[in-house]
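Report on the structure given below.
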Amino acid sequence: MLVRRTFRLLIFVACVALVGSGVADGQSLQIEFMAADTPWTNPGFTNYGFMSLVTTGSGSTAVYYGFYPKSGTGAFIGGPDVANAAYRKTPSRFPSLTMSVRKTINPTLKPAILQLVNDWNAKNYDYTDRGTVDFVASVASAINWQLPQLDGDETPKSYINKLKFLNELKPSIPGTWSGSMSLGAQSAPISILFQLNNNLLSGQFMTTPNNQGPCDNLQVNLNLSVSFSVGDGQQKMNFSGSLRPDIHAMSGSFTSSVGNGSWSAAKTSGDGGLERKFASPFRK
Numbered sequence: 001m002l003v004r005r006t007f008r009l010l011i012f013v014a015c016v017a018l019v020g021s022g023v024a025d026g027q028s029l030q031i032e033f034m035a036a037d038t039p040w041t042n043p044g045f046t047n048y049g050f051m052s053l054v055t056t057g058s059g060s061t062a063v064y065y066g067f068y069p070k071s072g073t074g075a076f077i078g079g080p081d082v083a084n085a086a087y088r089k090t091p092s093r094f095p096s097l098t099m100s101v102r103k104t105i106n107p108t109l110k111p112a113i114l115q116l117v118n119d120w121n122a123k124n125y126d127y128t129d130r131g132t133v134d135f136v137a138s139v140a141s142a143i144n145w146q147l148p149q150l151d152g153d154e155t156p157k158s159y160i161n162k163l164k165f166l167n168e169l170k171p172s173i174p175g176t177w178s179g180s181m182s183l184g185a186q187s188a189p190i191s192i193l194f195q196l197n198n199n200l201l202s203g204q205f206m207t208t209p210n211n212q213g214p215c216d217n218l219q220v221n222l223n224l225s226v227s228f229s230v231g232d233g234q235q236k237m238n239f240s241g242s243l244r245p246d247i248h249a250m251s252g253s254f255t256s257s258v259g260n261g262s263w264s265a266a267k268t269s270g271d272g273g274l275e276r277k278f279a280s281p282f283r284k
């Protein structure tokens with residue numbers, strides 16, 4: 001699968017981390033993976049990726065590691081001596097970075113990430129056999145992230161999208177969401193309590209203390225769409241809608257035997273791992 005494996009070179013890896021053995025006050029360890037939505041027929045599709053180690057806070061510094069093709073079908077992860085200058089050309093050189101996932105992790109995981117770089121290079125992989133998607137999966141496993149299934153013809157964007165869903169979007173849903181539902185001129189307050197148990201989402205819908213029930217057939221999808229139903233028989237309501245990109249609110253429409261209406265809710269409690277407050281070194 002030469003095309004499939006070579007295409008994986010287009011994933012970009014950014015680890016935002018402390019360079020050192022500990023985390024000082026006001027500093028944190030983050031990791032970010034990024035992907036370009038570039039077809040393999042693009043002349044620049046053999047571009048390499050980056051892993052960035054950044055000391056945050058006062059006197060912040062950035063050290064980069066790049067994923068590079070070499071002679072023949074070989075590939076290697078180059079250190080900062082070759083990657084730093086190349087990364088700084090990113091805004092003009094890599095305009096197609098369209099997917100990313102970023103989370104704070106424990107700083108004690110940094111040595112394991114760096115060891116993976118050393119191991120990868122020591123094994124001298126052929127990129128028709130092992131590409132950057134494989135490296136991303138190995139790093140994600142080392143830092144105890146949920147791993148999506150790797151499909152046979154996986155593209156960089158689709159893999160990072162699945163990684164984002166499992167490790168950033170899905171864990172950000174649990175908590176209490178409060179809002180309202182409207183049917184014609186009538187409006188009623190609602191709240192939804194979402195929970196994540198054994199990596200499975202569930203929800204409890206409430207309109208009044210005495211009028212509540214589970215969110216049946218609950219689906220939260222990669223495209224930020226949301227759907228569920230409440231009640232059964234003549235009282236069944238079917239809800240559909242979408243999450244706002246910042247994952248702080250959702251809204252949509254519902255259907256019922258008495259009529260159709262709209263609904264909206266915003267998150268009012270429960271963090272669930274949101275990382276939106278952190279700036280990314282890749283953001284323009």
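Here the sequence shown is numbered in the numbering used here, starting from 1 and rising by one per residue.
For glycine and all other residues, C-beta sits at the position ideal for the given N, C-alpha and C.
Using alpha carbons as the reference points, say which of S225, T104 and S227 lies closest to N144. T104
DSSP bridge partner residues for I31 (one or two, in chain order): K103
Relative to the C-alpha of N198, which candidate in P174, T155 and V101 has its C-alpha closest? P174
V226: first and last residue of the uninterrupted beta strand (DSSP E) it sits in: S225 to V230
May I ask you to report which of helix, strand or coil DSSP gives N167? helix
For S158, I'd like the list of residues in its chain whose CB is within less than 8 Å of its CB, leaving aside the five on either flank, ordered along the chain. D151
Grouping DSSP H, G and I as helix and E and B as strand, with all else coil, what is V258? coil
When you compare each of N124, G179, S178 and P148 to L166 by their alpha carbons, which one comes out closest? Of the candidates N124, G179, S178 and P148, the residue whose Cα lies closest to the Cα of L166 is P148.
Distance between beta carbons of L29 and N106, contact taken as under 8 Å: 7 Å
Looking at S240 and S256, is the spacing between their C-beta atoms short of 9 Å? Cβ atoms of S256 and S240: not closer than 9 Å.
Which residues in the same chain have their Cβ closer than 6 Å to the Cβ of K267, if we skip the five residues on either side of it in sequence? Here K267 has G175, W177 and H248 as same chain residues with Cβ atoms under 6 Å from its own Cβ, once five neighbours each way along the sequence are excluded.
Residue of N238, Q186 and I190 minimising C-alpha distance to D216: Comparing C-alpha distances from D216 to each of N238, Q186 and I190 shows the shortest one belongs to N238.
I need the straight-line Cα distance from S229 to L218, nearest angstrom please. Their backbone Cα atoms lie some 7 Å apart in a straight line.
Taking all protein chains shown into account, decide if T155 is buried (16 or more other Cβ within 10 angstroms of its Cβ) or exposed. buried
Rounded to whole angstroms, what's the CA-CA distance from L114 to N161? Just pull it up for me. 24 Å
So what does DSSP say about T286, is it helix, strand or coil? Shown here, the chain extends from 1 to 284; a query on residue 286 therefore has no answer.
N221 CB to nearest heavy atom of the ligand HEM below 8 Å: The ligand HEM is not part of this structure, which contains no ligands at all.
Beta-carbon separation of L196 and P171 under 9 Å? In this structure, L196 places its C-beta atom within 9 Å of the C-beta atom of P171.
Just list the beta strand (DSSP E) runs in the stretch 180-248, keeping only unbroken ones of 3 residues or longer that don't cross its boundaries, in chain order. 186-197, 200-208, 211-214, 216-220, 225-230 and 237-243
Mapping the DSSP letters down to three states, classify K157 as helix, strand or coil. Secondary structure of K157 (DSSP, three-state): helix.
Proximity winner among L109, L222, M181 and K123, relative to F205 (alpha-carbon distances): Taking F205 as reference, the option from L109, L222, M181 and K123 with the minimal CA-CA separation is M181.
From what residue to what residue does the beta strand (DSSP E) around I113 run? I113 -> not in any beta strand (DSSP E); alpha helix (DSSP H) instead, spanning K110 to K123.
Return the bridge partner residues of I143 from the DSSP annotation. Paired residues: none, contrary to the question.
By the 10 Å Cβ neighbour count, where 16 or more other Cβ atoms means buried, how is K123 classified, buried or exposed? Result: exposed.
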